[in-house]
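**Q** Structure in structure tokens, see below.
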Amino acid sequence: MNTNIAQKLLHSDGGFAALALRVPTGIVLAAHGAQKLFGAFGGYGLEGTGQWMASIGLEPGYLMALLAGSAEFFGGLALLLGLLTRPAAIVTAFTMLVAIFSAHWQGGLFLTNNGYEYALTLLAVSVSLAIQGAGHFALDNLLSRLANRDRRITVADLAQARA
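First residue of the sequence shown? That's -4 in our numbering, and the numbers climb one at a time after it.
The structure is reproduced here in structure tokens:
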């Protein structure tokens, strides 16, 4: 992988703030994905979730349940670990955007009416993580170091470091 692309993808100055957002959001998203994919935590699994998604117009329902569940489950695990945080955050942000407009918009803002406030919160956190990256205690930091291990320092690198 081009080290410049790797640096942009993996580098983060998010510090502990990103960690504080990443861990609980990753847990919540992974749990919601497990409900959709595996029927865990009282969820309906792919079959039931697929039927519900088809009933609200997301066709084919089974495929939409697989996509949403995978985005939430694997995206949540990636956020929790700080692994490819920016791509995972973008995928989960898109998933929340779809959830807001397909399942929650008509309920208004508040969760008590099946509204979009919770999905909006997850969207905001995901966008924030896509912008700032993983922060501290993330596998992205290890990947970044590995990508730069054999990189030779050039005059351009020194000039850029001074700026």
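Ideal Cβ positions, reconstructed from N, Cα and C, are used throughout, including at glycine.
In this text the structure is predicted, and so the values were computed from the model without any measurement.
Cutting at 6 Å between CB atoms, please list the residues of its own chain near D135, excluding the five before and the five after it.
**A** Correct list, in chain order: L5, G77, T80 and A129.
**Q** Provide the residue span of the alpha helix (DSSP H) that contains G28, from first to last.
**A** G10 to F33
**Q** Identify whether G56 lies in helix, strand or coil by the three-state DSSP scheme.
**A** helix
**Q** Give the single residue among Q30, E54 and A98 whose Cα lies nearest to the Cα of A66.
**A** Q30
**Q** Using 8 Å for Cβ pairs, my map puts G56 next to G28. What's the rounded Cβ distance?
**A** Incorrect: roughly 16 Å between the Cβ atoms, too far for contact.
**Q** Could you tell me whether the Cβ atoms of L117 and T20 are closer together than 8 Å?
**A** yes
**Q** Using a 10 Å radius around the Cβ and a threshold of 16 neighbouring Cβ atoms, would you call L124 buried or exposed?
**A** Burial call: buried.
**Q** With a threshold of 16 other CB atoms inside 10 Å of the CB of S50, please say whether the residue is buried or exposed.
**A** exposed
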